[in-house]
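Report on the following structure.
Number of protein chains: 2
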Amino acid sequence: MLSKNKLKQINALQRKKGRSENGLFLVEGEKMVDELLTQYFGEGESVYKITDLYYTLPWKMNHLDELEDADFNCEEVTESELLKISCLSSPNQVLAVVTTPTKMLKPLDEELVLMLDGVRDPGNFGTIIRCADWFGIKYIICSTDCVELYNPKVVQATMGSIFRVNVIYTDLPAAIQKIRRNNPLKPVYGASLVGDNIFNMNLDQNAVLVLGSESHGLREDVKEMLTREVMIPRFGQGESLNVAIAAAILCSEFKRY
Amino acid sequence: MLSKNKLKQINALQRKKGRSENGLFLVEGEKMVDELLTQYFGEGESVYKITDLYYTLPWKMNHLDELEDADFNCEEVTESELLKISCLSSPNQVLAVVTTPTKMLKPLDEELVLMLDGVRDPGNFGTIIRCADWFGIKYIICSTDCVELYNPKVVQATMGSIFRVNVIYTDLPAAIQKIRRNNPLKPVYGASLVGDNIFNMNLDQNAVLVLGSESHGLREDVKEMLTREVMIPRFGQGESLNVAIAAAILCSEFKRY
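These protein sequences, in sequence, are chains A and B.
Heads up: the first sequence begins at 2 in the working numbering, then just goes up one per residue.
Heads up: the second sequence begins at 2 in the working numbering, then just goes up one per residue.
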């Protein structure tokens, strides 16, 4: 049975303050935890360490092998106990407490890197991470006012891709400067409503692609550093595209060649 | 002041039963209502008729012209009254009651048509409508178990595109059959994880594109009727794409030529 103290500790992780104070976050649901365990027990060292795993009996019966290899605290709980520690409206069999990595890998010089400027919607951010993972983009550099990576809504929306994509929070103009120092020819494209038509361009795959928030677009200090603004042409009357949708279309354009 | 009766009538529209019984739905927020009014007062007859408009004083002061032309019930309300009739957690100045159209326009033979099979998530559906509007796609044909168009979350996620895209609910195999009868050469593409690589194809713009739900994909009776299954190639390790993301990438591929 879960002690009151344990309950309190886990529930604290539903809030940003609790996560940053403890260096821990929550991963929920069969699909997400399966991805976590694959990463954890897989080749190479995972930056995500599991500290606790809480599961119902049916989940346990399907995961006896993984539980045998576990070097973290494993605890069977009832469905009503799971409900008390879950962020989901309908909790799903299993919940893991995971350490937030202290250090993310840095991108190589020769790969496509995504940058997000002030993206605050957790669902959109999670969807962008999922989409980056599909297209083999391993690095997303975020401005410090983007939504927190370990927000439960972000984590869930990634559908497991959070464990495979490296997300770094930093000052974007400084990050662009640093990339330019190492690789002066690497173009930095910014998505906008007035840039060059992406369908008529030869996009360089070894590039940086910056996307702004839907409401505010790219900030001036970032805009000034761009090689070029690029635009998804509009064929109808919609006024704008959701930022995750724009990210997906642009990633697809970069990768299609 | 809003009467108790009025409150009850409006709140009933937050539920599907209330909407279908009354043939009415709610449109909220400055941006959405601006789009609604543009459509309503614009050229050509709008299929969306406004019956009531509730707004705060600041909104009224910015919309005196539109209110002068109004042939529907207009009522100034306080912020706390607006809160009582709103579906939004932070209500936004204005709410309209609108008739659900009894008849949607039918697509022409020679245009790209989207079909959705069992898409149940309101946010995704709204985003797909917004994306269709961006790419100039005027018709979406939905299976009858797709989420309801007038669900407040769908309406909000369209960001106004709901007023420009025609959505028809019907049996999909029957709809495909009917399209084939009129236009036997029109290809019907279905998005899947095992189809032909869209980056290596010449996609016919005068086509039907069918997307299934993320969890169940396309149903067998729809699959059997496809000309071809098409696939967005995967470059990384993500297991799947969100259905709205897949729709966006595919629409972009169709339109880029």
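By construction, the Cβ of each residue, glycine as well, lies at the ideal position given by its N, Cα and C atoms.
Problem set entry | Closest Cα partner of A/Thr171 within the set A/Cys143, A/Asn152, A/Gly196 and A/Pro188 | A/Cys143
For this session: Let me know if B/Leu8 comes out buried or exposed under the rule of 16 or more other beta-carbons within 10 Å of its beta-carbon.
Result: exposed
Problem set entry | Sequence-distant residues of its chain with Cβ nearer than 6 Å to A/Pro92 (five each side left out) | Leu83 and Leu84
For this session: Check whether the Cβ atoms of B/Lys32 and B/Met202 sit closer than 8 Å, and answer yes or no.
Result: no
Problem set entry | Contained alpha helix (DSSP H) runs [length at least 4] in the region 173-234 of chain A, N- to C-terminal order | 173-183 and 221-224
For this session: Could you check if A/Lys179 is buried or exposed, using at least 16 other CB atoms within 10 Å of its CB as the buried criterion?
Result: exposed
For this session: Rank A/Leu251, A/Ser81 and A/Pro102 by C-alpha distance to the C-alpha of A/Tyr190 and give the top, closest one.
Result: A/Leu251
Exercise. From this set, B/Gly45, B/Asp53, B/Leu96 and B/Ser87, which residue's C-alpha is nearest B/Trp60's C-alpha?
Worked result: B/Leu96
Exercise. Would you say the region 42-49 of chain B touches the region 213-225 of chain A, given that touching needs at least three Cβ pairs under 8 Å?
Worked result: no
Problem set entry | Nearest-angstrom Cα separation, counted from A/Gly24 out to B/Asp35 | 45 Å
For this session: Measure the C-alpha to C-alpha separation of B/Glu69 and B/Phe164 and round it to an integer number of angstroms.
Result: 22 Å
Problem set entry | Minimum length 4: unbroken alpha helix (DSSP H) runs contained in the region 10-44 of chain B | 17-23 and 31-42
For this session: Would you please verify whether the beta carbon of B/Lys9 is less than 8 Å from any beta carbon of chain A?
Result: no
Problem set entry | C-beta neighbour in chain A for B/Gly45, strict 8 Å | no
Problem set entry | Three-state secondary structure (DSSP) of B/Thr100 | strand
For this session: Check the DSSP bridge columns for B/Ile141 and list the partner residues they point to.
Result: B/Leu115 and B/Val168
Exercise. When the cut-off is 8 Å and only beta carbons count, does B/Gln157 lie next to chain A?
Worked result: no
For this session: Please confirm whether A/Ala208 and A/Pro188 have their CB atoms less than 8 Å apart.
Result: yes
Exercise. Since B/Lys256 meets chain A, which of its residues come closer than 9 Å, beta carbon to beta carbon?
Worked result: Phe200, Pro234 and Phe236
Exercise. What's the C-alpha gap between B/Ile130 and A/Asn243?
Worked result: 11 Å
Problem set entry | Secondary structure of B/Asp146, DSSP reduced to three states | coil
Problem set entry | Buried versus exposed call for B/Asn125 [16 or more other C-beta atoms within 10 Å across all chains shown] | buried
Exercise. Taking Cβ to Cβ, would you say B/Ala192 is nearer than 8 Å to B/Val211?
Worked result: yes
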